[in-house]
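Q: Before we start, here is the structure in question, set down as C-alpha cells.
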Amino acid sequence: MAPPIPLPPLVDQHCHGVVRSALDDRAFEALLTESDRPAAPGTTFFDSQLGFAVRRWCPSLLGLDAHVPPGEYLERRRELGPEEVLRRLLPAAGIGVHLVDTGLPGDLTPPAELAAAGGGTAREIVRLETLAERLAGAAAPGTAAGEYVDGLDAAVLAAARTAAGFKSVVGYRHGLDFDPRPPSPGEVRAAADRWLGARRGGGTVRPRSGVRDGDGRAGGLRGGASPAGGGHGPRLTDPVLLRHLLWQAVRTGLPLQLHTGFGDPDLRLHRCDPLLLTDFLSAVGPAGCPVVLLHGYPYHRGAGYLAHVFPHVYADIGLALSYTGARARTVLAEALELCPFGKLLFSTDAYGLPELYVVGSRLFAGALTELLGGWVADGSWPAGDAERVAAMIAAGNARRVYGLGPGT
Amino acid sequence: MAPPIPLPPLVDQHCHGVVRSALDDRAFEALLTESDRPAAPGTTFFDSQLGFAVRRWCPSLLGLDAHVPPGEYLERRRELGPEEVLRRLLPAAGIGVHLVDTGLPGDLTPPAELAAAGGGTAREIVRLETLAERLAGAAAPGTAAGEYVDGLDAAVLAAARTAAGFKSVVGYRHGLDFDPRPPSPGEVRAAADRWLGARRGGGTVRPRSGVRDGDGRAGGLRGGASPAGGGHGPRLTDPVLLRHLLWQAVRTGLPLQLHTGFGDPDLRLHRCDPLLLTDFLSAVGPAGCPVVLLHGYPYHRGAGYLAHVFPHVYADIGLALSYTGARARTVLAEALELCPFGKLLFSTDAYGLPELYVVGSRLFAGALTELLGGWVADGSWPAGDAERVAAMIAAGNARRVYGLGPGT
Amino acid sequence: MAPPIPLPPLVDQHCHGVVRSALDDRAFEALLTESDRPAAPGTTFFDSQLGFAVRRWCPSLLGLDAHVPPGEYLERRRELGPEEVLRRLLPAAGIGVHLVDTGLPGDLTPPAELAAAGGGTAREIVRLETLAERLAGAAAPGTAAGEYVDGLDAAVLAAARTAAGFKSVVGYRHGLDFDPRPPSPGEVRAAADRWLGARRGGGTVRPRSGVRDGDGRAGGLRGGASPAGGGHGPRLTDPVLLRHLLWQAVRTGLPLQLHTGFGDPDLRLHRCDPLLLTDFLSAVGPAGCPVVLLHGYPYHRGAGYLAHVFPHVYADIGLALSYTGARARTVLAEALELCPFGKLLFSTDAYGLPELYVVGSRLFAGALTELLGGWVADGSWPAGDAERVAAMIAAGNARRVYGLGPGT
C-alpha cells in the first residue's frame, strides 16, 4: 500500500445544504440514491456502493464500529439528533471551502450555516433555472414578457456580484443537445410570453414531480420530514429561455457549472453526454468564461477529452466517486486519462445528509492516494509531482478557477 | 488472493439449448464467436478471450491438461462424443436452475433435457418474435389480420401460464430507439395486414441471414452439423408489431428480458444502448412487470444506472463475462458501480456448446470472488455482506424476480 | 511483477513525420496535446499523462535523470539540436517498420528519412483528403468537374501501386455518420463542380483553422518554428466527395485506415464513434479490403466489437496509449476484450516529436507485458500463447494485413 499523499483542506466545488430536521429511516434511505422512487420489493438502497461506503466511513464518527448494520446506525443517529450528527460528521470531511448550489428546495442549511458547521468557509453557486422560476413565481399577474426578461437579466447580473459561479440543469430540462447559439431578443421575449401565459393558465404546465436535481431532488422526502419548498413558479423547460439563461451567465464571465451525466430518472442519460455540448463550448470560448462539466459518469472520459482540447473547460468527478464507492479509484483513474491535471476539480455533490460530505471526501482522498501512490511506486510518476497534482485537484485548481483568495 | 466466497447453486437466468449432434471443427469454432462469418484469413476464433477461457476451464473436465492446443481438445471431444461431453461438462457448471430461451432454431436440447443433463431444473423463457413468426408460419393462407392478432394475443397469454418470463430481441429487429407507447388496435391490425401480405407475396420479406441471435444464432453452423430449423414465417421487423408484442408481454406481469448491448452483426450496436429504452421503461413502470436488461456490454454502466433509478428494472451481465474472459472481473466491477446489489442477475447466455455453461459460471464465480474478496481485504466491504451479496447475484435476486420457489 | 515478454521489432502501422527544425519551448509543448489552442491560464500541457510519460522515458536517452523538470529537459534538447535528439531517441523506440501517413503539412521527415533515422524501413500511407485537395490546388483554372474526378480516380489508382494503404479523416470532415452507399457518378461530378466553383469564388470556403489532424495538425506551431505547408486547395468537407474517395480506395483492395475516436477540437467526438460505421463496414465487406479503425478512444470497446464480428475489420490502439500514459495498461486491456487477438494492431501515431515514438512504443511494450504477464501469472493464459499473441499485436498482424514481406 502506498503511503498517504498529504492533501490541503479540500475545496468542495459543488455541494448542497444539509436537511436541518430529523429524518425518519425511510427519508434517510431515500437520500442514498439518485432515484426518486422507492426501492424495489425485497431490496434496500443500503445495498449499494454508496450505502456500503456510508457504513464504512461514518459509524466510527458516531462512536460505533465500521460496517454496523443499517438499523444500528440509524438508531444511533436518532439518539444523537440531527445537530449533533452534523457537528460530528461535517468537520471530519476535511473541507475548507464549500461552493453551495442553493437552488434546491427544502429546509436545507444555507451556505454560511454549512460553513460554520464544517469549520470552513462557503460561497454561493446560483442555479439559473431556480432564479428564473422564483422570479416568475414572484411576478405580479399580468407582468409583460419584456419586463420579465429585463428583470431576469438584471437578476443574473446582480447574482454575479456575489456568487462564486452559476449552475445550469439544462441537461434535465431539455438535454445537452440544445441549439448552441444565443437566441435573439425577439425569440426570448416570445418564449417568456408563452411561458408566463402557460403559468397563468396552468394549462400546459407539467406537474411537479419531486425529482431530485431537475427540480426538487427530494423524491424520497416527499412523504418524509422535509416537504419541498413552495412558492416557485412553474418548471422551466422552454429551450429558448434555458439557452438565454446560459448565455446571460456566460456574459458575466463567472464560472458556469453544467450538469452532465447521471442523475435522477427525470433526465435522459444519453442526452446528458457532455460531448453533446461541443458546439456550445466552442461558441462560448471567446467569452472567456470557464465551464465546469459536473459529474459526467459514465461519460467522464468524454468530459476529460473536452477539458483536454478546450482551454476554458474543466471537469468534475464528485458525484461519481460517492456513488461508485469501492470503485472510486478506477472512476477517478478514467477521469485522469485525457483530462489535464490542471483541469480536474473535486466536489462531493453532497445533499441532505452530512454523511455524504464524509463519504465524498474520504473516497476521493483514498482513491487519489492509492492511484497516484501506485503510479509513483511503479515509476510512472515522480513523487514530488504526485503531491503537487494531488493538491491541484483537491483545492488548487478550484481556487484558481473560482478566484478564491487565501482567506476564502 | 482472497479466499473463495461460497456460492449457492447458480440460477442461470438466460441461456439456450445445446446442439445435440456432433460438431465438426469448423462448427465448434463458429460457436465461439458472435460473428456469423468465417474468421479472417490467418486468424482463428480460438485466439480470443472466450477461446482462451474454454482452453483454461474445460480440458481438465475431459481428462486433458488445461490450455492444451485447440486441435488436441477437439480431437478428445470427438473421441468422447457429444453425449459424454455434455455429461462431463454441464454438471461442472454448478447451475441449479436454467431459464431457457427456446426461441432459437436448430436441434437444441429442450429445457427439461438440459436440466436433466446438468442435474438441475429448468423453466422456459418465451421469445416473443419467435412466437409471432411461428404463428404466422402456421396460419392458413388468407387468415385475416384481426384473426392473427387475436391469436397472437391469446398465445402470449397462454405462454404466460407456464413460462418464467418473456424475451424480446427488438434491439436486433429494429433498435431500442422505438416509440415507447403501445400502438393502437387499429395500427396493430394494419401492421399485421401488411406483414401477412408481404409474407404471402414474398415481395418485401428480407432474406434469412442466419444471424445468431436475431434469428438463428447459428451462422457458423449453416454449412455445419445443425441446419437452422425451418417452418417459421418471415422475419418480423415491423416496429408496430414488435411494440405490440412488448406491451402484450408487459400486461401479463411476467419478467420481460430485453436484449441490449453487443451481439451478432445483424444488430447496430449503438442502437442497442439500453439508455434508449428510458422512455419505454418509464411508460411500463406502472404495469408492475420487472424488466431485465440482458448483456449490456459495452453499455453495462448505463444498464446499471437504469437499474439504479427504476425500481422495476434489473441488469444482467452474463454474455459479457464469457466473451471478455480474463477481463471478466473488471466488467463485473463496472456493472456493480451504480447497479444496486439487489438488481444484478447472473446468466451464461450459453448456446450450442456445453463448454459455454462451464466458462460462464467459472468466470462469474472467479470474478465475483476476486472482486468482493478484494473489497473485503481493503476494508471497503464487510465480509458478511460480501457473502450475502454474492449469493444474491448468484441466485437470490433471480429467485425473487422470477418467483422461483425453493423446489425450483 | 511479471517478467517481460520478448517482442519482435515493432510495426508502427500509423505514424507521421518528425519536425526537422528546432522547436521553441512553446512549439514543443503544443505537440504534447491534441488541442490546437494554448494551455489554460495557470496550466501547462506537461501536466498530463503524455507529459509525464515523456519525462519518464526520454530524459535518460539524452543523458538526464528520469522525471527531470520540463525546463531542464527542454534546455538539454536545445543544447543537442534536433538532429542529435532524433538520432538518440528514434532508434530507442524499437520500431522495425514505419507506415507513415504523409498527408500532414509542414517540414516533416518523409518516410525514407524517418526510416533511416530509426534504423528500420518505411512505407507510405496516402491520406485521401490531402490527395484530393492537392489535386484541386494544382488544377488549372476552369478545369471541368468531370476532368477533375477522372484525375482524382487515376491518382488513387496510381497511389495504390506504391502505398501500403490509404487513410481517411472523414470523421473530422463530416463525422462517421455518413451515407454508407457509394455516390453515383452524376452526384460525384455535381459535387466536384460545386467544390471547385467554391474554391474559385472563395465564397463558401471555410477558413483554414490550423487544426492538427483534420487539416494541419499543427495548431501550436502556427506562431512557432514550422509554418503549415501552403499550396493546397480548399479544405474538402463535401460528403459526396468524401464518400467517393472512400469507395475509390476500397476498390483498390488496399487496407483503409479510418480515423475514429478522439483528436483535436475540429471533430465532434460523439460523431467519431466507430459504431456509426457499421453500415459502411457491411457494405464494403464484399470488396475484400481490410479496414483499420484507428485510435478509437473512448469508443475502443466498440471498435473491438466491430473487429470481432466483421472479418475484414481491424482495430488500432496507438494514440490512446500515448495519451493515457500510466493508464495505458487498462486502455489496452479494454481493447483486448472483444477484439480477436489476430485483429489488434500497434501504432504510435507519433507526430512532430521523436519523443512520441519512444513514449508510444515503451508504453505499449510495458502495458502488454504487464497485462499478458498478469494473465499468465493468474492462470488465465498459457505462457506460450501470451508470447505468441504479443508478437502478433506488436508486428505479425500488421505484417499480414499490409502484406509486408520479411524484407520490409
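Chains as they are written, first to last, in the UniProt record's numbering: chain A, 1 to 408; chain B, 1 to 408; chain C, 1 to 408.
Glycine included, C-beta positions come from ideal geometry on N, C-alpha and C.
For Thr162 of chain B, does the count of other Cβ atoms within 10 angstroms reach 16, so buried, or fall short, so exposed?
A: Position 162 of the second sequence holds residue 162 of chain B. Exposed: under 16 other Cβ atoms inside 10 Å.
Q: Note down, one range per segment and in chain order, each beta strand (DSSP E) of at least 3 residues found wholly within the stretch 240 to 315 of chain C.
A: 256 to 260, 291 to 295
Q: Among C:Gly396, C:Ala117, C:Arg271, C:Asp25, which residue has its Cα nearest to the Cα of Gly171 of chain C?
A: Taking the first residue of the third sequence as 1, we reach residue 171 of chain C at position 171. The option with the nearest alpha carbon to Gly171 of chain C is C:Arg271.
Q: Near Thr324 of chain A, what residues of its chain come up, given a Cβ to Cβ distance below 6 Å and the 5 sequence neighbours on each side ignored?
A: By 1-based counting over the first sequence, the position of residue 324 of chain A is 324. Answer for Thr324 of chain A: Gln49, Val331, listed in chain order.
Q: According to DSSP, His98 of chain B sits in a beta bridge with which residue or residues?
A: Working through the second sequence from its first residue, we reach residue 98 of chain B at position 98. DSSP, once it has assigned bridges, lists B:Asp12, B:Ala122 as partnering His98 of chain B.
Q: Could you confirm whether any beta carbon from chain A is found closer than 8 Å to the beta carbon of Thr109 of chain B?
A: Position 109 of the second sequence, counted from the first residue, corresponds to residue 109 of chain B. So, not an interface residue.
Q: Could you work out which residue in A:Val97, A:Gln248, A:Ser184 is closest to Gly403 of chain A when comparing CA atoms only?
A: Here residue 403 of chain A refers to the residue found at position 403 of the first sequence. The residue among A:Val97, A:Gln248, A:Ser184 with its C-alpha nearest the C-alpha of Gly403 of chain A is A:Val97.
Q: When you check each C-beta in the stretch 52 to 84 of chain B against every C-beta of chain C, which residues fall closer than 8 Å?
A: Within the stretch 52 to 84 of chain B, Phe52, Ala53, Arg55, Arg56, Ala66, His67 place their CB atoms closer than 8 Å to a CB of chain C, listed in sequence order.
Q: Would you mind telling me which residues of chain B sit closer than 7 Å to His270 of chain A, beta carbon to beta carbon, in chain order?
A: Sequence index remark: in the first sequence, residue 270 of chain A carries index 270 (1-based). What His270 of chain A touches in chain B: Asp273, Leu275, Leu276.
Q: Determine the direct distance from the alpha carbon of Ala22 of chain B to that of Leu64 of chain B, and round the result to whole angstroms.
A: Within the second sequence, residue 64 of chain B is the residue found at index 64, counting from 1. Within the second sequence, residue 22 of chain B is the residue found at index 22, counting from 1. If you take the alpha carbons of Leu64 of chain B and Ala22 of chain B, they lie about 20 Å apart.
Q: Under 8 Å between C-beta atoms, does Gln257 of chain A make it to chain B?
A: Position 257 of the first sequence, counting from 1, holds the residue named residue 257 of chain A. No, Gln257 of chain A does not count as interfacial toward chain B.
Q: Name the DSSP beta bridge partners of Lys343 of chain A, please?
A: For the purposes of this step, residue 343 of chain A is taken as the residue at position 343 of the first sequence. Beta-bridge analysis with DSSP links Lys343 of chain A to no other residue.
Q: What does the Cβ neighbour count give for Ala395 of chain B, buried or exposed, with the cut at 16 atoms within 10 Å?
A: Position 395 of the second sequence, counting from 1, holds the residue named residue 395 of chain B. That one is buried.
Q: Would you mind working out which of C:Gly103, C:Leu32, C:Arg200, C:Arg181 sits nearest Gly165 of chain C, comparing C-alpha positions?
A: Stepping through the third sequence from its first residue, residue 165 of chain C is reached at position 165. Of the listed residues, the one whose Cα sits closest to Gly165 of chain C is C:Gly103.
Q: Would you grab the beta carbon distance between Gly175 of chain C and Arg268 of chain C for me? Rounded to a whole angstrom, and I think it's under 8 Å.
A: Along the third sequence, read from residue 1 onward, the residue named residue 175 of chain C stands at position 175. Along the third sequence, read from residue 1 onward, the residue named residue 268 of chain C stands at position 268. The pair is a contact, with the Cβ atoms about 6 Å apart (cut-off 8 Å).
Q: If contacts are defined as beta-carbon pairs under 8 Å, then Leu306 of chain A and Leu258 of chain A qualify, I think. What distance do you get, rounded to the angstrom?
A: The residue given as residue 306 of chain A occupies position 306 in the first sequence. The residue given as residue 258 of chain A occupies position 258 in the first sequence. With 8 Å as the limit, Leu306 of chain A and Leu258 of chain A do not qualify as a contact, their Cβ atoms being about 11 Å apart.
Q: List the DSSP bridge partners of Val376 of chain C.
A: Here residue 376 of chain C is taken as the residue at index 376 of the third sequence, counted from 1. Note: Val376 of chain C sits in no beta bridge, so no partner.
Q: Of the choices A:Glu113, A:Leu277, A:Arg199, whose alpha-carbon is the least far from that of Asp177 of chain A?
A: Mapped onto the first sequence, residue 177 of chain A falls at position 177. The residue with the shortest Cα to Cα distance from Asp177 of chain A is A:Leu277.
Q: For a quick check, are the C-beta atoms of Ala350 of chain A and Gly360 of chain A less than 8 Å apart?
A: The sequence position of residue 350 of chain A within the first sequence is 350, counting from 1. The sequence position of residue 360 of chain A within the first sequence is 360, counting from 1. In this structure, Gly360 of chain A lies closer than 8 Å to Ala350 of chain A by Cβ.
Q: If the cut-off is 8 Å on Cβ atoms, which residues from the stretch 321 to 351 of chain A count as contacting chain B, listed in chain order?
A: Answer set for the stretch 321 to 351 of chain A: Tyr323, Thr324, Gly325, Ala326, Arg327, Thr330, Val331.
Q: Does DSSP classify Gly403 of chain A as helix, strand or coil?
A: Looking up residue 403 of chain A in the first sequence gives position 403. In this structure, Gly403 of chain A counts as coil in the three-state DSSP scheme.
Q: Mind pulling the chain B residues with CB within less than 9 Å of Tyr297 of chain C?
A: Taking the first residue of the third sequence as 1, we reach residue 297 of chain C at position 297. Per Cβ cutoff of 9 Å: no residues; Tyr297 of chain C is ~13 Å from chain B at best.
Q: Mind listing which residues of the stretch 20 to 33 of chain A have their C-beta closer than 9 Å to chain B's C-betas, in chain order?
A: Taking 9 Å as the Cβ-Cβ cut-off against chain B, the residues of the stretch 20 to 33 of chain A that qualify are Thr33.
Q: Who are the Cβ neighbours of Pro354 of chain A in its own chain at under 7 Å, not counting the five residues just before and after it?
A: If you number the first sequence from 1, residue 354 of chain A lands on position 354. Only Val18, Val85, Leu86, Leu89, Leu90 meet the Cβ criterion.
Q: Compare the beta carbon distance of Glu337 of chain C and Arg327 of chain B with 8 Å and say whether it is the shorter of the two.
A: As a position in the third sequence, residue 337 of chain C is number 337, starting the count at 1. As a position in the second sequence, residue 327 of chain B is number 327, starting the count at 1. Yes, they are a contact pair.
Q: Looking at the ligand PLP, does it come within less than 7 Å of Ala30 of chain C, judged from the CB to the closest heavy atom?
A: The model depicted lacks the ligand PLP and carries no ligand whatsoever.
Q: Since Pro265 of chain C meets chain A, which of its residues come closer than 8 Å, beta carbon to beta carbon?
A: Taking the first residue of the third sequence as position 1, residue 265 of chain C is located at position 265. Per Cβ cutoff of 8 Å: Thr278, Ser282, Val309, Phe310.
Q: List, in order along the chain, the chain B residues whose C-beta lies closer than 7 Å to that of Phe364 of chain A?
A: If you number the first sequence from 1, residue 364 of chain A lands on position 364. Near Phe364 of chain A there are no residues of chain B at all, since even the closest Cβ is about 14 Å away, more than 7 Å.
Q: Please state whether DSSP places Arg235 of chain A in a helix, a strand or coil.
A: The count along the first sequence starts at 1 and reaches residue 235 of chain A at position 235. Coil at Arg235 of chain A, not helix or strand.
Q: If you check the beta carbons only, do Leu135 of chain B and Arg20 of chain B fall under 8 Å apart?
A: Translated into the one-based positions of the second sequence, residue 135 of chain B becomes position 135. Translated into the one-based positions of the second sequence, residue 20 of chain B becomes position 20. Result no, Cβ atoms of Leu135 of chain B and Arg20 of chain B do not sit closer than 8 Å.
Q: Consult DSSP for Gly165 of chain C and reduce its assignment to one of helix, strand or coil.
A: On the third sequence, residue 165 of chain C is found 165 positions in, with the first residue counted as 1. Strand, per DSSP.
Q: Can you grab the Cα-Cα spacing for the pair Arg26 of chain A / Leu74 of chain A, in whole Å?
A: Residue numbering aside, residue 26 of chain A sits at position 26 when the first sequence is read from its first letter. Residue numbering aside, residue 74 of chain A sits at position 74 when the first sequence is read from its first letter. About 10 Å.
Q: Work out the CA separation of Glu113 of chain A and Ala93 of chain A for me, nearest whole Å.
A: Along the first sequence, one-based indexing puts residue 93 of chain A at 93. Along the first sequence, one-based indexing puts residue 113 of chain A at 113. Straight-line Cα distance between these residues: approximately 16 Å.
Q: Would you please verify whether the beta carbon of Phe166 of chain A is less than 8 Å from any beta carbon of chain B?
A: Locating residue 166 of chain A in the first sequence gives position 166, where the first residue counts as 1. Cβ-Cβ to chain B under 8 Å: no for Phe166 of chain A.
Q: Whole angstroms is fine: what's the gap from Asn397 of chain B's alpha carbon to Pro9 of chain B's?
A: The residue you call residue 397 of chain B lines up with position 397 of the second sequence. The residue you call residue 9 of chain B lines up with position 9 of the second sequence. Each residue's Cα considered, the two are about 13 Å apart.
Q: Please identify the residue among B:Tyr297, B:Ser322, B:Tyr314, B:Asp264 whose C-alpha is closest to the C-alpha of Gly288 of chain B.
A: The count along the second sequence starts at 1 and reaches residue 288 of chain B at position 288. Of the listed residues, the one whose Cα sits closest to Gly288 of chain B is B:Tyr314.
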